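According to our numbering, the sequence shown is numbered sequentially starting from 17. Ideal Cβ positions, reconstructed from N, Cα and C, are used throughout, including at glycine. Predicted model only: the values in this text are computed from it and were never measured.
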Amino acid sequence: MDDTGVRGVKKGGRGFLGRVWKAACRHSFVKKRISRGSLRRLCGELATQEYTLVVHSKDIDYKRFFPNSFVIDKHEGSLIDLPTDAYFSDLALIGAGSFGNVVCTGLLEHIPDPHRVINELHRILRPGGRLILSASAVFPSHGNPNNFFHFTPNGFRLLFRGWSKFEILRGSSAPFRTIAILLQRISMQCDIFPPFRPLLEVAYHLVPLLDLFVLRQYDSLGKKDELGPTDAMMPAMLHAVVIK
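Below, the structure written as structure tokens:
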């Protein structure tokens, strides 16, 4: 191999061998994302035939759970009813009290002013309507440069303090499943030495089994008593159902 080919392999870019090396550094044997399983379960619990506003529609197949839906998203496509910009400014075009259900997942962390979006969704919902929500908690940076916030349960309570109540507020994953999600994201977002990639994939499929040995979780080091139990001390995402 000539000098050009050697440099191509080292840089993982130029030349045929460089392209092969780059592909090997990024190849995943299993494409299914661990992080989306909990969202499918949440939507399965709350599935409805009622007319539903879907705000951001890329995480799962919402038509399966909300077949009568109106979709607003930032990418034009055949399944999008209202294309909008990166910050969902066109929510203002939707009439007040138009929907009894709104689904908004994977969006709030990518909005520089989440209060504005929350206020718009409150306006769009009918009284007593529900917002089905998911947002990043312990999760890698993604979707940059528009990745501004990751949330905690107390942060959600603060953001939605003007709403009636939380019907659901919980973490999406137990701690070792969160670690598995992070390991998979390392696999997805990093170039990995190819012989190590299969070991990494095996690890993130086996690590969630360790949650079987977690007996109880607490929300801080200082509250390992009856005041401090939590459902998820290190969730990948937060799931909520908030009632207007």
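- Counting the other CB atoms within 10 Å of its CB gives Ser152 a total of 16 or more, which places it among the buried residues.
- Here Arg56 has Ile76 as same chain residues with Cβ atoms under 7 Å from its own Cβ, once five neighbours each way along the sequence are excluded.
- DSSP links Asn117 through a beta bridge to Thr68, Arg146.
- Listed as beta-bridge partners of Lys74 by DSSP are no residues whatsoever.
- The beta strand (DSSP E) runs of length 3 or more contained entirely in the stretch 153 to 239 are, from start to end of the chain, 181 to 187.
- Under DSSP, Val36 shares a beta bridge with no residue.
- Pairwise C-beta distances place the stretch 187 to 200 in contact with the stretch 217 to 229, as three or more of them are shorter than 8 Å.
- For Val46, no alpha helix (DSSP H) run applies, since DSSP gives it neither H nor E.
- Between Ile140 and Ala102, the beta carbon gap of about 19 Å keeps them out of contact (Cβ cut-off 8 Å).
- The stretch 73 to 87 and the stretch 126 to 138 do not touch, with fewer than 3 CB-CB distances between them shorter than 8 Å.
- In the assembly as shown, Lys181 is an exposed residue. Its beta-carbon has fewer than 16 other beta-carbons within 10 Å.
- At a Cβ-Cβ threshold of 9 Å, Asn135 and Thr68 do not count as neighbours.
- With fewer than 16 neighbouring CB atoms inside 10 Å of its own CB, Ser157 falls in the exposed class.
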